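Engineer:
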Amino acid sequence: MAEPYLRVENLTKQFGPFTALGGVDLEVYPGEVHALLGDNGAGKSTLIKTLAGVHQPTSGQIYIEGKPVSFRSPRDASAAGIGTVYQDLALNQLMSVTRNFFMGRELKGPLGTLRMDEMNQIAHDEMLKIGIDFSDPTQAVGTMSGGQRQTLAIARAIHFGAKVLILDEPTSALGQKQQMGVLKTIKRVRARGDIAIIFITHNEIHSRLVGDRFTFLALGKVIGAGTSDQIGNDEMRRLMAGGAEMGDLEQELAGI
Amino acid sequence: MAERSEADRLKEETWLQRLVRRPEIGAFIVMVVIIVALAIASDGKAFNALGLKNNIKIIAQYGIIALGAAALMIAGEFDLSIGSMIGFAGMSMALMLKWGLPFGLGEATPFLAFIITLAMTLTIGWIIGTIVVRSGLSSFIVTLAFLFFLRGTTEVSFRLINQSTQVSGLPDYKEESWFANILGGEVFGWFYDAWYWFGQKMVAGVEWPARLTADNINYLAALNINRRLEQWVTGFDARFMWFLIIAAVAYFVLSRTQLGNWIYATGDNKEAARANGVPVNRVKVGLFMFTAFCATMFAACQVFDTNTSDAAKGNLMELFAIAIAVVGGTLMTGGFGSIIGVVFGAITVGLVANAVFFIPEIDGAWFRVFLGSILLAAVFANERIRKRITGGI
Ligand SMILES: Nc1ncnc2c1ncn2[C@@H]1O[C@H](COP(=O)(O)OP(=O)(O)O)[C@@H](O)[C@H]1O
Ligand SMILES: [Mg+2]
Numbered sequence: 001m002a003e004p005y006l007r008v009e010n011l012t013k014q015f016g017p018f019t020a021l022g023g024v025d026l027e028v029y030p031g032e033v034h035a036l037l038g039d040n041g042a043g044k045s046t047l048i049k050t051l052a053g054v055h056q057p058t059s060g061q062i063y064i065e066g067k068p069v070s071f072r073s074p075r076d077a078s079a080a081g082i083g084t085v086y087q088d089l090a091l092n093q094l095m096s097v098t099r100n101f102f103m104g105r106e107l108k109g110p111l112g113t114l115r116m117d118e119m120n121q122i123a124h125d126e127m128l129k130i131g132i133d134f135s136d137p138t139q140a141v142g143t144m145s146g147g148q149r150q151t152l153a154i155a156r157a158i159h160f161g162a163k164v165l166i167l168d169e170p171t172s173a174l175g176q177k178q179q180m181g182v183l184k185t186i187k188r189v190r191a192r193g194d195i196a197i198i199f200i201t202h203n204e205i206h207s208r209l210v211g212d213r214f215t216f217l218a219l220g221k222v223i224g225a226g227t228s229d230q231i232g233n234d235e236m237r238r239l240m241a242g243g244a245e246m247g248d249l250e251q252e253l254a255g256i
Numbered sequence: 257m258a259e260r261s262e263a264d265r266l267k268e269e270t271w272l273q274r275l276v277r278r279p280e281i282g283a284f285i286v287m288v289v290i291i292v293a294l295a296i297a298s299d300g301k302a303f304n305a306l307g308l309k310n311n312i313k314i315i316a317q318y319g320i321i322a323l324g325a326a327a328l329m330i331a332g333e334f335d336l337s338i339g340s341m342i343g344f345a346g347m348s349m350a351l352m353l354k355w356g357l358p359f360g361l362g363e364a365t366p367f368l369a370f371i372i373t374l375a376m377t378l379t380i381g382w383i384i385g386t387i388v389v390r391s392g393l394s395s396f397i398v399t400l401a402f403l404f405f406l407r408g409t410t411e412v413s414f415r416l417i418n419q420s421t422q423v424s425g426l427p428d429y430k431e432e433s434w435f436a437n438i439l440g441g442e443v444f445g446w447f448y449d450a451w452y453w454f455g456q457k458m459v460a461g462v463e464w465p466a467r468l469t470a471d472n473i474n475y476l477a478a479l480n481i482n483r484r485l486e487q488w489v490t491g492f493d494a495r496f497m498w499f500l501i502i503a504a505v506a507y508f509v510l511s512r513t514q515l516g517n518w519i520y521a522t523g524d525n526k527e528a529a530r531a532n533g534v535p536v537n538r539v540k541v542g543l544f545m546f547t548a549f550c551a552t553m554f555a556a557c558q559v560f561d562t563n564t565s566d567a568a569k570g571n572l573m574e575l576f577a578i579a580i581a582v583v584g585g586t587l588m589t590g591g592f593g594s595i596i597g598v599v600f601g602a603i604t605v606g607l608v609a610n611a612v613f614f615i616p617e618i619d620g621a622w623f624r625v626f627l628g629s630i631l632l633a634a635v636f637a638n639e640r641i642r643k644r645i646t647g648g649i
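If you're matching them up, the sequences are chains A and B in order.
Here the first sequence stands for residues 1 to 256, numbered as in this note's numbering.
Here the second sequence stands for residues 257 to 649, numbered as in this note's numbering.
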């Protein structure tokens, strides 16, 4: 078995008296999609924000290619190859596709001038590679569809050297057709073989369609993990429901 | 039919459609209407040799501070302390020029008075910005506090050091000091020289009556010739040059540089900008310092032009600056705005503010009625532009 690119060991995160993460283990491998599942409030976003350097862990250790690391800021994490696409995508609606693509990492000429033509070209090419042909990169992001915005955010993370691509519920706010578009994009990134993807969702069908490996979180703890072969559909449904048996739930509902 | 893609849904636009959709277009049309209306109503006097000079003087004054206010608004913040900062900077320079440097360090040259004042105002701008970004408080309230604080400090300093809230009768520094001259003197003399040269060609060989008629005088004024048939106006006020320089630099920075991208990104969605590594706080603090700089330039041009200052200088200017920025197409919510639009806005507002001098029959208070009306119209127009860009959210 190849070495995981990113490994998390017994990670905990307290917000004051509240335990958001209570000892989480996770391994992500290049060329694989690792689906992170769990109900609202399970701690998925907290986990990835810790990986992305937004939060500092209370205890536990993160390893990159076997070496222990600690991130003091999102910049540290990004330099270590962790590219995060947040739920709100970190895009600016009023700005153009290109200006968003290079936000904070602009290509500069003399006097800090922007190399606009070059930047337009790169933004266009990078988005084309993972699936959309965007004819006008000077268009404002506000006029793009949700799926296109996802693609932009993903292309941006990859272009700036992401080795681990973290997608926080990329399909949750989209219509059916656009959801499929995002799943295709995920598949295309996976096919490159060099990028590890953490795909957060609470949609069981989506995770089945693209996931190679699963981790289920409930109330800040891992309640189940395994590859897609190891986890059958029933087991998956049980874990999605936070570990409760479906039969129990049906009884409970019937009793109301 | 080939497979349709999302990109096909974006219609190709002609250059004319693009032009009409530019954010400055509203400000541009209003400006043209005002220029034409004023030219007709003043019988051309608003744009004769002296009329142009005086109009450009007030346009440049408004423009300098409106550029600062607009850049800051694009980054999502307000500065209500601009007017008081003008008063403070004017006080500081005038008192140093009259009473010497602080701590008995001797006489102040115009250059020293300016530099020491600028160091103070930039520091205050830094303090304001730092308070805003550190506390997360609304810049509206923080700068409102500084509006009172600085105006009060200005008045108290005048009384303590000068016994009166006014300094007048300073020597005319521009005669001696090149530095005072580039702030308070005249610029672009060649423009008026050429105008006079052309005027002379026009009237060559004309026999003038012993007593010139009003029509004669009007005609000569439009040719930069005075009643004694000499050159009338010799140059623009230096603030015109500073306005052009600041506008050019602001335009270049905002549209062409990395810093410009950071300014837009900061005002659009601060968290998104921060997540991508934009130093949001430094951008904001820097822009508060920029508005302080603009206020200081406004004050310096005034002090060295008139050789006076008083505690009320710059009163209400922060509101004019913000109004002009909005008329020029800057969004109140940040993330969007155009320097060219702000220039158009400054021209419009400046011309209307001055109109009473050229059309004496109108009541000067109509200026504020007009400003209120176009401000309201501009806010609605800007909101439509924002909705169009963000797809209606
Ligand atoms: N900054 C914070 N301070 C305090 N509590 C937080 C903070 N962030 C998240 N939480 C809490 O941690 C829990 C897990 O949240 P989150 O990671 O967002 O869940 P998920 O993304 O799985 O829905 C929630 O109960 C949430 O209220
Ligand atoms: Mg979440």
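For each residue, glycine too, the CB sits at the ideal point set by N, CA and C.
These numbers come from a predicted model, not from an experiment.
1) Which first and last residues belong to the beta strand (DSSP E) in which residue 218 of chain A is found?
2) Alpha carbon to alpha carbon, how far is residue 304 of chain B from residue 297 of chain B?
3) Check the Cβ-Cβ distances between residue 275 of chain B and every residue of chain A, and say whether any is below 8 Å.
4) Heavy atom of ligand 2 less than 7 Å from the Cβ of residue 169 of chain A, yes or no?
5) With respect to 7 Å, is the separation between the Cβ of residue 565 of chain B and the closest non-hydrogen atom of ligand 2 below this value?
6) Quick one: grab the DSSP three-state call for residue 74 of chain A.
7) Whose Cβ in chain A lies nearer than 8 Å to the Cβ of residue 638 of chain B?
8) Does DSSP put residue 202 of chain A in a helix, in a strand, or in coil?
9) What span of residues does the alpha helix (DSSP H) with residue 569 of chain B cover, start to end?
10) At the 8 Å Cβ level, is residue 121 of chain A part of the contact set with chain B, yes or no?
11) Suppose you measure from the CA of residue 242 of chain A to the CA of residue 18 of chain A; what does that come to, to the nearest Å?
12) Excluding the five sequence neighbours on either side, which residues of its own chain have a C-beta within less than 6 Å of the C-beta of residue 59 of chain A, listed in chain order?
13) Quick check: what's the CA-CA separation for residue 470 of chain B versus residue 615 of chain B?
14) At a Cβ threshold of 8 Å, is residue 295 of chain B touching chain A?
15) Can you tell me which residues fall inside 6 Å of ligand 1, judged by beta-carbon distance to its nearest heavy atom, and keep chain order?
16) Should the region 451 to 461 of chain B be regarded as contacting the region 266 to 285 of chain B, the criterion being three or more beta carbon pairs within less than 8 Å?
17) Could you pull the DSSP bridge partners for residue 27 of chain A from this structure?
18) Around the Cβ of residue 498 of chain B, are there at least 16 other Cβ atoms within 10 angstroms (buried) or fewer (exposed)?
19) If you check the beta carbons only, do residue 44 of chain A and residue 36 of chain A fall under 8 Å apart?
20) What's the gap between the Cα of residue 427 of chain B and the Cα of residue 349 of chain B?
21) Going by C-alpha to C-alpha distance, which of B/344, B/605, B/383 sits closest to residue 411 of chain B?
22) So, helix, strand or coil for residue 96 of chain A, using DSSP?
23) Give a yes or no on whether the minimum CB-CB distance between residue 598 of chain B and chain A is below 8 Å.
24) Tell me, to the nearest whole angstrom, how far the beta carbon of residue 634 of chain B is from that of residue 282 of chain B; I am working on the premise that it is less than 8 Å.
25) Between residue 558 of chain B and residue 535 of chain B, what straight-line distance do the alpha-carbon atoms span, to the nearest angstrom?
26) By the DSSP assignment, the beta strand (DSSP E) with residue 82 of chain A in it spans what residues?
27) Given that a residue counts as buried once 16 or more other Cβ atoms are within 10 Å of its Cβ, and exposed if not, what is residue 48 of chain A?
28) Name, going along the chain, the residues of the region 510 to 524 of chain B whose beta-carbon falls closer than 7 Å to a beta-carbon of chain E.
29) Buried or exposed: residue 215 of chain A, going by 16 or more other Cβ atoms within 10 Å of its Cβ?
30) Thinking residue 291 of chain B and residue 602 of chain B are a contact (beta carbons under 8 Å), I'd like their distance in whole angstroms, please.
31) Are there any heavy atoms of ligand 2 lying less than 7 Å away from the beta-carbon of residue 150 of chain A, as far as the coordinates show?
32) How far does the beta strand (DSSP E) with residue 164 of chain A in it reach, from first residue to last?
33) List the residues that DSSP assigns as beta-bridge partners of residue 22 of chain A.
34) What separation, rounded to the nearest whole angstrom, lies between the Cα atoms of residue 93 of chain A and residue 414 of chain B?
35) Residues of chain A with CB under 7 Å from residue 283 of chain B, in chain order?
36) Sorry if obvious, but does the Cβ on residue 87 of chain A come closer than 7 Å to a heavy atom of ligand 2?
Structural biologist: Concretely, from the data shown:
1) 213 to 218
2) Near 13 Å, if we compare the C-alpha coordinates of residue 297 of chain B and residue 304 of chain B.
3) no
4) yes
5) no
6) In the structure shown, the three-state DSSP call for residue 74 of chain A is helix.
7) Per Cβ cutoff of 8 Å: no residues; residue 638 of chain B is ~12 Å from chain A at best.
8) Secondary structure at residue 202 of chain A: coil, using DSSP grouped into helix, strand and coil.
9) It is not in any alpha helix (DSSP H) - residue 569 of chain B carries neither H nor E in the DSSP assignment.
10) It does not: the Cβ of residue 121 of chain A has no partner Cβ on chain B nearer than 8 Å.
11) In a straight line, the C-alpha of residue 242 of chain A is about 19 Å away from that of residue 18 of chain A.
12) 12
13) 16 Å
14) no
15) Qualifying residues come out as A/15, A/18, A/20, A/38, A/40, A/41, A/42, A/43, A/44, A/45, A/46.
16) no
17) A/7
18) Under this definition residue 498 of chain B is a buried residue.
19) yes
20) About 13 Å.
21) For residue 411 of chain B, the nearest C-alpha among the options comes from B/344.
22) strand
23) no
24) 7 Å
25) 35 Å
26) 82 to 85
27) Buried.
28) Among the protein chains in the structure shown, which are A and B, there is no chain E.
29) buried
30) Contact doesn't hold; Cβ gap of about 13 Å is too wide.
31) no
32) 164 to 168
33) Partner(s): A/12.
34) Each residue's alpha carbon lies about 48 Å from the other.
35) What residue 283 of chain B touches in chain A: nothing, since even the nearest Cβ is about 18 Å away.
36) yes
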